[in-house]
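The structure appears below as structure tokens.
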Amino acid sequence: MAFLDGTTLTNKPSAQVSDDAHGYYTLGEPLVDPVAPTGPIKDRWINRKFENRLVNPANRRKLDVIIVGTGLAGGAAAATMGEAGYNVKSFCYQDSPRRAHSIAAQGGINAAKNYKEDGDSIHRLFYDTVKGGDYRARESNVYRLAEVSANIIDQCVAQGVPFAREYGGLLDNRSFGGVQVSRTFYARGQTGQQLLIGAYQAMERQVAEGTVEQFTRHEMLELIVADGRARGIIARDMVTGEVETHLADAVVLASGGYGNVFFLSTNAMGSNVTAAWRAHRKGAYMANPCYTQIHPTCIPVSGEHQSKLTLMSESLRNDGRIWVPKRAEDCDKDPRQIAEEDRDYYLERIYPSFGNLVPRDIASRAAKYMCDEGRGVGPLVGDFRRGVYLDFADAIGRLGRDAVAAKYGNLFDMYARITGEDPYETPMRIYPAVHYVMGGLWVDYHLQSNITGLFVTGEANFSDHGANRLGASALMQGLADGYFVLPNTIREYLADGPFETVPETHPAVVEARTSVEERIAKFLSINGTRSADSYHKELGHIMWEYCGMERTEEGLRKAIDMIRELKADFWTNLKVLGSADNLNQSLEKAGRVADFIELGELMCIDALNRRESCGGHFRAESQTEDGEALRHDEEFAYVAAWEFGGEDGPPVLHKEDLLYTAIEMKQRSYK
Amino acid sequence: MKLTLKIWRQPDAATTGGMHTYQLEGVSEDMSFLEMLDMLNEQLNADGEEPVAFDSDCREGICGMCGLMINGHAHGPEVTTTCQLHMRSFTDGDVITIEPWRSEAFPVIKDLVVDRGAFDRIIQSGGFISANTGSAPEANNLAVDKADADRAFNVATCIGCGACVAACPNGSASLFLGAKVTHLGLLPQGQPERDTRVVGMVGQHDHEGFGGCTNIGECAAACPKEIPLDVISQLNRDLRVAMRHGH
Numbered sequence: 001m002a003f004l005d006g007t008t009l010t011n012k013p014s015a016q017v018s019d020d021a022h023g024y025y026t027l028g029e030p031l032v033d034p035v036a037p038t039g040p041i042k043d044r045w046i047n048r049k050f051e052n053r054l055v056n057p058a059n060r061r062k063l064d065v066i067i068v069g070t071g072l073a074g075g076a077a078a079a080t081m082g083e084a085g086y087n088v089k090s091f092c093y094q095d096s097p098r099r100a101h102s103i104a105a106q107g108g109i110n111a112a113k114n115y116k117e118d119g120d121s122i123h124r125l126f127y128d129t130v131k132g133g134d135y136r137a138r139e140s141n142v143y144r145l146a147e148v149s150a151n152i153i154d155q156c157v158a159q160g161v162p163f164a165r166e167y168g169g170l171l172d173n174r175s176f177g178g179v180q181v182s183r184t185f186y187a188r189g190q191t192g193q194q195l196l197i198g199a200y201q202a203m204e205r206q207v208a209e210g211t212v213e214q215f216t217r218h219e220m221l222e223l224i225v226a227d228g229r230a231r232g233i234i235a236r237d238m239v240t241g242e243v244e245t246h247l248a249d250a251v252v253l254a255s256g257g258y259g260n261v262f263f264l265s266t267n268a269m270g271s272n273v274t275a276a277w278r279a280h281r282k283g284a285y286m287a288n289p290c291y292t293q294i295h296p297t298c299i300p301v302s303g304e305h306q307s308k309l310t311l312m313s314e315s316l317r318n319d320g321r322i323w324v325p326k327r328a329e330d331c332d333k334d335p336r337q338i339a340e341e342d343r344d345y346y347l348e349r350i351y352p353s354f355g356n357l358v359p360r361d362i363a364s365r366a367a368k369y370m371c372d373e374g375r376g377v378g379p380l381v382g383d384f385r386r387g388v389y390l391d392f393a394d395a396i397g398r399l400g401r402d403a404v405a406a407k408y409g410n411l412f413d414m415y416a417r418i419t420g421e422d423p424y425e426t427p428m429r430i431y432p433a434v435h436y437v438m439g440g441l442w443v444d445y446h447l448q449s450n451i452t453g454l455f456v457t458g459e460a461n462f463s464d465h466g467a468n469r470l471g472a473s474a475l476m477q478g479l480a481d482g483y484f485v486l487p488n489t490i491r492e493y494l495a496d497g498p499f500e501t502v503p504e505t506h507p508a509v510v511e512a513r514t515s516v517e518e519r520i521a522k523f524l525s526i527n528g529t530r531s532a533d534s535y536h537k538e539l540g541h542i543m544w545e546y547c548g549m550e551r552t553e554e555g556l557r558k559a560i561d562m563i564r565e566l567k568a569d570f571w572t573n574l575k576v577l578g579s580a581d582n583l584n585q586s587l588e589k590a591g592r593v594a595d596f597i598e599l600g601e602l603m604c605i606d607a608l609n610r611r612e613s614c615g616g617h618f619r620a621e622s623q624t625e626d627g628e629a630l631r632h633d634e635e636f637a638y639v640a641a642w643e644f645g646g647e648d649g650p651p652v653l654h655k656e657d658l659l660y661t662a663i664e665m666k667q668r669s670y671k
Numbered sequence: 001m002k003l004t005l006k007i008w009r010q011p012d013a014a015t016t017g018g019m020h021t022y023q024l025e026g027v028s029e030d031m032s033f034l035e036m037l038d039m040l041n042e043q044l045n046a047d048g049e050e051p052v053a054f055d056s057d058c059r060e061g062i063c064g065m066c067g068l069m070i071n072g073h074a075h076g077p078e079v080t081t082t083c084q085l086h087m088r089s090f091t092d093g094d095v096i097t098i099e100p101w102r103s104e105a106f107p108v109i110k111d112l113v114v115d116r117g118a119f120d121r122i123i124q125s126g127g128f129i130s131a132n133t134g135s136a137p138e139a140n141n142l143a144v145d146k147a148d149a150d151r152a153f154n155v156a157t158c159i160g161c162g163a164c165v166a167a168c169p170n171g172s173a174s175l176f177l178g179a180k181v182t183h184l185g186l187l188p189q190g191q192p193e194r195d196t197r198v199v200g201m202v203g204q205h206d207h208e209g210f211g212g213c214t215n216i217g218e219c220a221a222a223c224p225k226e227i228p229l230d231v232i233s234q235l236n237r238d239l240r241v242a243m244r245h246g247h
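Chains as they are written, first to last, in our numbering: chain W, 1 to 671; chain G, 1 to 247.
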């Protein structure tokens with residue numbers, strides 16, 4: 001491949017011909033990033049940091065910034081903005097900022113340090129990330145991400161994050177997620193935990209300094225947009241039930257992803273879309289909502305009672321071999337009794353060069369096809385077996401049990417605890433699960449949404465991963481946004497502040513507050529027969545079936561109808577007990593499920609419109625003769641930014657062209 | 001399986017609570033303990049009784065949000081978090097007693113939910129390394145002995161769940177303190193603030209009303225992350241050294 005410095009366009013704007021979602025949306029004006037940088041790609045961020053205005057240190061303490069969410073993106077931003085001297089108000093629904101779900105990330109964090117001298121560079125990390133995202137991310141944003149990645153490691157080490165080290169005492173790296181360089185820093189299988197604790201401690205230090213005020217067990221339920229600017233939030237104190245108004249000069253949403261729209265996912269129980277969705281309903285565009293990452297190595301569902309799914313690091317695929325029985329009648333046999341010639345190592349068969357290490361989406365879809373064919377293994381859930389074997393017998397034979405235990409012991413223990421089976425003796429069972437969403441609120445190069453003064457960071461925005469995210473890049477993006485990007489972009493906005501005080505009697509504040517109170521009263525007064533949880537489960541089934549690993553025009557249309565029916569039933573037959581004036585988990589859940597239902601419909605419309613397969617989005621109508629994903633750059637090399645169309649109106653689609661200068665688009669092939 | 005559940009119910013912090021008994025049938029051994037409670041809550045909701053409030057979030061044993069006293073043991077009979085406890089650890093016909101964490105420093109908010117804000121305030125009192133964003137030197141400028149780095153990691157795995165406090169007859173948070181003081185004290189970056197850190201954290205610990213440590217060891221036995229008891233020796237040593245330095 002040729003090195004491109006970013007000064008000449010390599011593609012033309014796309015022009016959509018198909019219109020699968022006709023009737024479900026209206027077409028709006030095209031969208032451009034108003035602050036997109038130009039020039040040689042390596043200079044864009046450096047120049048922008050210089051061009052963005054500074055805020056006088058004496059003025060910073062007069063500026064209030066609300067940050068919703070305390071994961072890597074929110075916690076790091078709160079700490080950094082606090083250190084700079086701004087007044088930060090930080091909100092989280094958990095009992096402590098340290099619980100945010102960034103904590104559960106296992107594998108590691110990428111950084112272009114090139115400590116291994118194996119040919120890595122900022123440009124290569126940039127290139128891998130755009131390619132991994134199937135050419136559906138903005139190149140300037142991704143380049144910046146790669147550029148600040150090295151500083152993240154420096155920052156975390158200075159905070160005392162105990163990364164893995166070599167015997168000489170220097171930092172260790174591993175190769176991760178199908179790339180050919182070792183650029184992943186890790187802390188055993190608990191990298192997210194250690195990074196989050198680092199950010200949390202930095203943030204708590206600012207709480208003690210008085211620059212950050214933290215509001216735990218608080219849930220953002222509405223955004224306040226006054227006179228064209230985001231000026232605050234309505235939050236509910238989940239312990240007292242009090243509905244509170246918080247005003248500020250800017251609002252940052254770092255509220256995470258919406259994978260729980262599928263009910264079962266690897267997200268935390270409380271992870272939700274409400275903060276982002278309320279902002280969407282107030283005018284913020286939701287970009288590429290259908291881009292969902294489904295992770296191939298999760299512990300399968302064991303029954304209808306299941307509340308969440310647990311991921312096992314995909315490093316397991318380095319040594320485990322994936323197979324299903326050749327014949328459906330063998331599926332309920334003890335796998336150790338199935339002869340070698342009766343096993344189908346299907347990834348090795350279909351993808352001889354990559355084998356068990358094909359990218360996440362390919363591995364996931366292949367597992368689904370095997371189970372759809374009736375060759376799945378494990379317990380029947382309903383009338384279906386959802387699982388494939390991940391077998392370590394060869395690895396144990398080759399390396400010995402101790403060596404396998406040293407590498408994967410904690411994962412094997414976790415598997416044994418959850419399933420009651422011993423993976424040293426019998427093959428593991430795995431099945432794909434929803435893990436991450438690449439879609440999110442639309443932001444410009446400054447991470448500002450189309451609502452002035454509303455910034456969005458981390459998984460909550462759409463900006464860096466395109467249609468698919470590489471392994472070990474979520475932690476990188478969260479911390480890049482929080483420590484280094486947002487603090488340098490938000491100052492360009494805050495330089496015009498402090499803005500005129502918004503009184504609590506301002507019509508926008510009154511409207512936001514009243515709508516929250518009315519909604520809470522509504523949930524408690526429906527007095528129907530079904531719990532919020534039961535609606536969530538039903539929504540999850542619809543989404544998984546029709547908007548999951550494989551999507552079809554017919555299925556998506558069906559799903560949209562089903563979701564609309566579910567929504568109508570929800571608002572007439574919901575049952576929430578208890579009151580609004582103390583801790584009421586059913587009430588919290590009802591609000592989240594109501595928003596998930598609306599999001600689910602938009603995801604299906606977005607997936608229906610995008611008649612191509614790219615990254616985590618696979619449309620059955622768009623595949624090669626061999627069944628591989630087929631992109632249509634000439635039609636869909638754009639960001640789909642959806643505007644809320646009103647309570648009963650269709651959403652409005654704004655297209656932002658993806659134009660490349662430092663990269664040339666190519667079709668993926670893993671054969 | 002069929003279970004009898006005796007659960008602490010308390011409407012809010014100000015109201016006196018009490019044990020309530022519920023029968024639950026059709027529990028599968030593959031359920032997690034919290035999925036069993038989800039099932040109970042669906043049943044209660046259908047029967048018109050307010051569901052039992054309990055905390056949980058990641059449900060994979062890492063966020064530290066969940067935590068129940070199960071038959072008198074913090075996180076129940078296995079060495080793991082409540083969310084990772086599965087019903088195959090119980091048998092048909094069992095009577096299971098479920099209570100919130102027991103500690104004055106963790107007041108009950110509702111039912112099985114307690115307020116662990118004291119842990120945040122302890123961290124605010126010194127449980128960090130002061131390194132403003134942007135001020136960090138190149139990460140590999142400073143080598144760290146691998147043994148120290150590994151041990152720092154092992155004790156840094158504390159999830160802040162509070163089981164150590166709930167298990168301790170004195171209600172002491174010494175294991176929690178010791179884990180943080182040891183983690184940061186083992187690293188070269190943690191040295192400049194080593195004395196002020198331990199003094200600040202211990203002071204806040206006592207101020208919050210946690211009890212003193214009398215080396216009983218229930219904390220380490222209950223810890224789902226197996227933080228070793230000797231971090232408390234390290235804590236005491238660091239405190240003595242800091243005092244000798246005049247703090």
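Using N, Cα and C, we set each Cβ at its ideal position, and we do this for glycine too.
### Task
Determine whether the Cβ of M269(W) lies closer than 8 Å to any Cβ atom of chain A.
The structure shown contains no chain A; its protein chains are W and G.
### Message
Considering just the uninterrupted stretch of the beta strand (DSSP E) at W8(G), what are its terminal residues?
### Response
L3 to R9 is the span of the beta strand (DSSP E), which, as asked, contains W8(G).
### Query
From E464(W) to A395(W), what does the alpha carbon distance come to, in whole angstroms?
The sequence as given places Asp at residue 464(W); Glu does not occur at that position. Rounded to the nearest angstrom, the two C-alpha atoms are 36 Å apart.
### Task
Determine the extent of the alpha helix (DSSP H) in which Y535(W) is found, giving its start and end residues.
A532 to Y546
### Message
Just checking: is the beta-carbon of G257(W) within a distance shorter than 8 Å of some beta-carbon in chain G?
### Response
no
### Message
Using beta carbons (cut-off 8 Å, strictly below), is P37(W) in contact with chain G?
### Response
no
### Query
Of all the CB atoms in chain W, is at least one closer than 8 Å to the CB of Q189(G)?
yes
### Query
Closer than 9 Å, Cβ to any Cβ of chain G: which residues of the region 68 to 84 of chain W, in chain order?
A76, A79, T80, E83 and A84
### Query
Contact between the region 200 to 215 of chain G and the region 165 to 180 of chain G: three or more CB pairs below 8 Å?
Using a C-beta cut-off of 8 Å, the region 200 to 215 of chain G makes contact with the region 165 to 180 of chain G, since at least three inter-stretch Cβ pairs fall below that distance.
### Task
Kindly indicate which residue of H22(W), E459(W), K575(W) and C604(W) has the alpha-carbon position closest to the one of G48(G).
When H22(W), E459(W), K575(W) and C604(W) are compared, the shortest CA-CA separation from G48(G) is found for K575(W).
### Message
Less than 7 Å separating the Cβ of T572(W) from some heavy atom of the ligand GDP?
### Response
The ligand GDP is not part of this structure, which contains no ligands at all.
### Task
Identify whether V388(W) lies in helix, strand or coil by the three-state DSSP scheme.
strand
### Task
Give a yes or no on whether 8 Å exceeds the smallest Cβ distance from P100(G) to chain W.
Chain W contact via Cβ: absent.
### Task
Within the same chain, show all residues whose beta-carbon is closer than 6 Å to that of T157(G), passing over the 5 residues directly before and after it, in chain order.
K225
### Query
Using 8 Å as the limit for Cβ to Cβ distance, is M69(G) near chain W?
no
### Proximal chain G residues relative to Q193(W), where beta-carbon distance stays under 9 Å
I62, C63, A156, T157 and I159
#### Entry: Unbroken beta strand (DSSP E) run spanning G18(G), endpoints
G18 to L24
### Query
Name the chain W residues whose beta carbon is nearer than 9 Å to that of A152(G)?
Within 9 Å Cβ-Cβ: G160 and P162.
### Query
List, in order along the chain, the chain G residues whose C-beta lies closer than 7 Å to that of D533(W)?
What D533(W) touches in chain G: E42.
### Task
Give the residues of chain W in contact with I109(G), contact being defined as C-beta atoms less than 7 Å apart.
V239 and L583
### Supposed close pair N461(W), Y285(W) - CB separation, criterion 8 Å
Going by Cβ atoms, the distance from N461(W) to Y285(W) rounds to 11 Å, so no, they are not a contact pair.
### Message
For E656(W), count the other beta carbons within 10 Å of its own beta carbon; 16 or more makes it buried, fewer makes it exposed. Which is it?
### Response
buried
### Query
For R631(W) versus D134(W), is the C-beta spacing smaller than 8 Å?
Cβ distance < 8 Å, so R631(W) and D134(W) count as in contact.
### Task
Ignore the nearest five residues each way along the sequence and tell me which others in P57(W)'s own chain have a CB closer than 7 Å to its CB.
G85
#### Entry: Closest Cα partner of C92(W) within the set L31(W), I224(W) and S271(W)
S271(W)
### Query
At least one CB of chain W closer than 8 Å to the CB of C58(G): is that the case?
For C58(G), the answer is yes, since a Cβ of chain W falls inside 8 Å of its Cβ.
### Query
Does the Cβ of A139(G) have 16 or more other Cβ atoms within 10 Å, making it buried, or fewer, making it exposed?
buried
### Query
Is DSSP giving E253(G) helix, strand or coil here?
Because chain G spans 1 through 247 in this model, residue 253(G) falls outside it and cannot be assessed.
### Contact list for A208(W) against chain G, beta-carbon separation under 8 Å
Q124 and S125
### Task
Report the rounded CA-to-CA distance for L264(W) versus K537(W), giving the unit in angstroms.
8 Å
### Task
Taking T184(W) as part of the beta strand (DSSP E), name the residues at either end of that continuous run.
S182 to F185
### Task
Measuring alpha carbon to alpha carbon, tell me which of D496(W), N114(W), T216(W) and K308(W) ends up nearest N260(W).
K308(W)
#### Entry: Min CB distance E29(W) to chain G below 8 Å
no
### Message
Please report the straight-line C-alpha distance between L221(W) and A74(G), rounded to a whole angstrom.
### Response
So the alpha carbons of these two residues sit roughly 34 Å apart.
### Query
Interface residues of chain W around V144(G) at Cβ under 8 Å?
R165 and G169
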